Structures are given as structure tokens and as C-alpha cells.
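Take a look at the structure set out below.
Numbering (my numbering), first residue to last: 1 to 248.
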């Protein structure tokens with residue numbers, strides 16, 4: 001069983017690398033191309049991520065980039081500046097290009113994160129990684145367990161892992177224990193995990209399916225050449241593009 005699934009993973013991963021699953025342009029490629037190690041770049045790839053649930057990722061990042069490019073609205077990417085403004089000003093800036101689709105709830109999420117970044121890191125999210133020695137396990141524990149309410153939605157099972165992955169891809173961020181970064185179990189990844197045979201139909205319907213998916217990929221890749229995060233994008237694209245036949 002394990003060997004059969006690993007063979008399918010090899011095929012899927014090769015298809016992804018060859019570009020046959022699509023993915024020439026990923027949602028986060030829509031960005032202002034800031035200096036990789038700059039604070040602005042880290043904040044650009046952090047704040048919108050907390051609003052990335054139950055929506056089209058491509059549209060979200062298009063909205064984020066428009067908001068950043070507009071001098072009237074780009075203050076929202078500066079936590080200290082956000083805290084100086086009225087709620088109405090922040091709401092307007094976040095909804096002008098539809099970064100926020102729910103103007104009250106999502107503005108509140110954005111402001112809460114900005115307050116957390118200012119209170120804990122003087123507005124510089126990079127200090128989080130430095131203080132925790134760039135250790136994936138310590139970072140996740142800090143966000144998901146010790147300070148969960150201070151990181152609304154970023155602390156979620158899916159988004160936290162995916163956010164850490166995106167920072168690894170698009171900023172200067174490097175991690176210790178990169179192999180502990182799991183797949184981010186969104187709808188596409190869950191469907192692909194079922195399709196490849198790693199979870200059952202019954203498990204697909206369970207409330208804790210996200211955790212089941214994470215554990216199965218961790219178990220499958222133990223002692224192999226793969227890290228769980230290696231397969232994330234391939235799974236996401238495979239589902240999003242209608243499960244192209246695996247080419248042997």
C-alpha cells in the first residue's frame with residue numbers, strides 16, 4: 001500500500017516539476033516584487049494570508065497587490081500606521097480592492113494582527129522568527145498554542161503551515177526543522193489526498209480530516225526523500241485542474 005502510493009507520488013511530483021499540472025503562475029506570484037528580506041515583503045505575505053479562507057487565492061493576491069500599489073491604501077501593510085487610523089479608514093482601504101470581503105470581521109482580524117506585531121515585535125514580524133531561532137516547531141507552538149487569539153486565522157491548522165511555506169518561498173526566511181513543515185490541508189489538498197488513496201471516503205467526511213491528512217503525509221514520507229511540504233503545491237494544482245491522469 002505504502003509503496004503503491006509513493007509510486008503515485010513520484011509520478012505526481014514529476015508531472016508538477018515538468019509543468020504538466022499548470023502552476024506557471026501561482027496566486028502569490030501576484031506581488032510588488034519587494035526586496036526579499038525587507039520588512040515590507042514579510043508583511044505583504046503575512047497580513048493578507050489571514051483572510052485567505054473560503055475564497056479564490058488568485059483573486060485575493062490580485063487585490064492585495066492593488067492595495068499595496070495604491071498610495072491611498074498601502075498604509076494597511078504598516079502595522080504601526082494601521083493602529084494610528086480609525087476603523088473606518090482601515091475598512092475603506094481593505095475593501096477598496098476587496099482584500100477584505102467582510103468589512104467588519106476581516107478588518108478586525110487585520111487590526112488584531114497589526115496590534116500583535118506592534119506589541120510583541122515593535123511592528124517587525126521578522127523578530128518572531130529570530131526570537132524563536134527559526135525553528136518550525138517553536139514558531140508553530142508560539143502561534144497556535146501559546147498566543148492563538150493574538151494570531152486570528154494565521155494560527156489555523158491550514159493557514160499557519162501554508163503561511164510559513166509561502167514565507168520560505170517568497171522571502172529570505174529559512175527554517176530549522178523544515179521537514180516538520182506539513183502540507184497545508186485546504187480543500188484541494190484534502191481532495192487530492194483522498195484521490196491518491198491516503199485517506200478513505202469515511203475519513204474525508206470527518207470533522208478532523210485536516211489533522212488526519214497532515215498525519216498521513218507525515219507518516220508516508222518518514223524515511224523517504226520527501227518532506228511533507230514538497231508535495232503541497234503538486235496536490236493543490238492536481239485538484240484545482242481536475243485531477244489529470246497520472247502519467248506513468
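Each residue gets a CB set at the ideal place from its N, CA and C atoms; glycine is no exception.
Keep in mind that this is a model prediction, so the values were computed, not measured.
Helix, strand or coil at residue i according to DSSP, with G and I counted as helix
| i | result |
| --- | --- |
| residue 225 | coil |
| residue 29 | helix |
| residue 176 | strand |
| residue 230 | helix |
| residue 137 | helix |
| residue 54 | coil |
| residue 152 | coil |
| residue 209 | helix |
| residue 166 | helix |
| residue 247 | coil |
| residue 45 | coil |
| residue 192 | helix |
| residue 1 | coil |
| residue 99 | coil |
Buried versus exposed call for residue i [16 or more other C-beta atoms within 10 Å across all chains shown]
| i | result |
| --- | --- |
| residue 230 | buried |
| residue 1 | exposed |
| residue 232 | buried |
| residue 145 | exposed |
| residue 46 | buried |
| residue 158 | buried |
| residue 102 | exposed |
| residue 130 | exposed |
Residue i: first and last residue of the uninterrupted alpha helix (DSSP H) it sits in
| i | result |
| --- | --- |
| residue 64 | 57-69 |
| residue 203 | 201-204 |
| residue 106 | 103-121 |
| residue 93 | 87-96 |
| residue 80 | 79-84 |
| residue 130 | 126-131 |
CB contact below 7 Å: residue i versus chain C
| i | result |
| --- | --- |
| residue 135 | The structure shown contains no chain C, having only a single protein chain. |
Would you check if the segment 8-19 and the segment 81-93 touch, i.e. whether three or more CB-CB distances between them fall below 8 Å?
-> no
Please confirm if the segment 107-114 is in contact with the segment 57-73, defined as three or more CB-CB distances below 8 Å between the two stretches.
-> no
Meets three-Cβ-pair contact criterion under 8 Å: the segment 18-32 and the segment 43-53 = Under the three-pair Cβ rule at 8 Å, the segment 18-32 counts as touching the segment 43-53.
Are three or more beta carbon pairs between the segment 175-187 and the segment 210-223 nearer than 8 Å?
-> Because the criterion of three Cβ pairs below 8 Å is met, the segment 175-187 and the segment 210-223 touch.
Evaluate the contact criterion for the segment 189-197 versus the segment 222-229: three or more CB pairs, one atom per stretch, below 8 Å.
-> no
Would the segment 133-149 and the segment 85-100 be scored as touching if the rule is three or more Cβ pairs under 8 Å?
-> no
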